[in-house]
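Inspection log for the structure reproduced underneath, given as structure tokens.
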Amino acid sequence: MELSAGAALDEVRRVEEEVRKTRRAYSTILLVMGLATGPYWWGMLLGPDWAGVVAGAGWIALVIWMLVLPRRPGLRGRVNAPWVTRLTLLGGVTFLAPMLVATGLKIAGVETTNWLVAVLCLISGLPMIYAGWRLRRSL
Amino acid sequence: MSGARPPQEHTHPRHDLDDLIHAPVRLSIMAALAAAEQADFRFLKETIEVSDSLLSKHLLALEEAGYVNAAKAFEGKRPRTWLSLTDQGREAFRRYMDVLQQIIGKPS
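Quick note, the sequences are listed as chains X and Y, same order.
When the letters of the first sequence are read in order and numbered with numbering that gives the first Met the number 0, they come out as residues 0 to 138.
When the letters of the second sequence are read in order and numbered with numbering that gives the first Met the number 0, they come out as residues 0 to 107.
Right under this line is the structure:
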């Protein structure tokens, strides 16, 4: 099949738009995850009982949304970049940090360091937020 | 008696198009990987709308030319193939796009 220069350029643009669309969805997931992480851990570790219930329910809703979003028509499959992988791995570590530290402090019987857990809650989502923001900027 | 004429030199930029890239499916693969850095097999299949076997065939051709790199990874128990352009592939695609721009008369 003969491919004209114009048709070739059109196809390149179409494919680039598909990549952008998929990246936009992935950056949205990263941003929402990053922004939700701090409030989630605050609710689970530091807030009153009702906040823990809300945080747990919210997180379940978030996970369902994350599973459904990439399966929308036209958004199947994945695109990635090595730096995103590194940041999300770091995000996995910082995500668990508040829980691990809070559990460690509880086991050790230290109760005066809630400020440390609060700080960890604040920074736990930063790698995901940064990855999502940077990915969105590159669109 | 006149001697054989030397072959005429090609001046139209279309002669500089990389034939390996200038084919419908392979062009789409190269464009997707140039824009995405890394894409999985499924993304390419859905975006280009081709069968697994046809996509594999064209990917193999690009891999053999040194344009595409394939890396297999497991996510849980599910295998996933990540495709990316090599430096050589990225450079070839850049040159290809330059030639396309020359053909349609726009500066790149």
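Where is the CB? At the ideal position from N, CA and C, for every residue including glycine.
- Here the segment 106-122 of chain X makes contact with the segment 34-48 of chain X; the two share three or more CB pairs at distances below 8 Å.
- A straight-line Cα-Cα distance of about 6 Å links residue 38 of chain Y and residue 77 of chain X.
- Residue state for residue 110 of chain X is assigned as coil, using DSSP reduced to three classes.
- Uninterrupted alpha helix (DSSP H) stretches at least 4 residues long and entirely within the segment 22-90 of chain X occur at 48-67, given in chain order.
- At least one CB of chain Y lies nearer than 8 Å to the CB of residue 77 of chain X.
- At the C-beta level, residue 126 of chain X and residue 89 of chain X come within 8 Å of one another.
- For residue 82 of chain Y, the closest alpha carbon among the candidates Y:14, Y:52, Y:66 is that of Y:66.
- In terms of CA proximity to residue 2 of chain X, Y:18 leads the group Y:97, Y:18, Y:58.
- Scanning chain X for C-beta atoms nearer than 7 Å to the C-beta of residue 99 of chain Y yields 4, 7, 8, reported in chain order.
- When only Cα atoms are considered, residue 29 of chain Y and residue 21 of chain Y end up about 10 Å apart.
- For residue 46 of chain Y, the uninterrupted alpha helix (DSSP H) segment begins and ends at 40-47.
- Taking a 10 Å sphere around the C-beta of residue 130 of chain X, we find 16 or more other C-beta atoms and assign the residue as buried.
- Apart from sequence neighbours up to five positions away, the residues of its chain that approach residue 95 of chain Y with a beta-carbon distance below 6 Å are 17, 20, ordered along the chain.
- The beta carbon of residue 91 of chain Y sits closer than 7 Å to those of 17, 20, 66, all from its chain and outside the five residues before and after it, given in chain order.
- The distance from the Cβ of residue 124 of chain X to that of residue 33 of chain X is about 4 Å, consistent with a contact at the 8 Å cut-off.
- Under the Cβ distance rule, residue 87 of chain X does not count among the residues neighbouring chain Y, no pair being separated by less than 8 Å.
- With respect to chain Y, the C-beta atom of residue 67 of chain X has no partner C-beta closer than 8 Å.
- Between residue 103 of chain Y and residue 41 of chain X, the alpha-carbon positions lie close to 58 Å from each other.
- Interface with chain Y (8 Å Cβ-Cβ cutoff): residue 110 of chain X is excluded.
- Each residue's CA atom was taken as its position, placing residue 36 of chain Y and residue 106 of chain X some 45 Å apart.
- For the C-beta of residue 60 of chain Y, not a single chain X residue is nearer than 8 Å; the gap to the nearest is close to 16 Å.
- Between the alpha carbons of residue 132 of chain X and residue 102 of chain X lies a distance of about 31 Å.
- Take residue 121 of chain X, set aside five residues on each side of it, and the residues of its chain with a beta-carbon closer than 6 Å to its own are 37, in chain order.
- Taking the beta carbon of residue 78 of chain Y as reference, no residue of chain X falls within 8 Å; the closest one sits roughly 14 Å away.
- In this structure, residue 51 of chain X keeps its C-beta atom at 8 Å or more from the C-beta atom of residue 35 of chain X.
- DSSP places residue 71 of chain Y within a strand segment (E or B) once states are collapsed to three.
- For residue 82 of chain Y, the secondary structure class from DSSP, reduced to helix, strand or coil, is strand.
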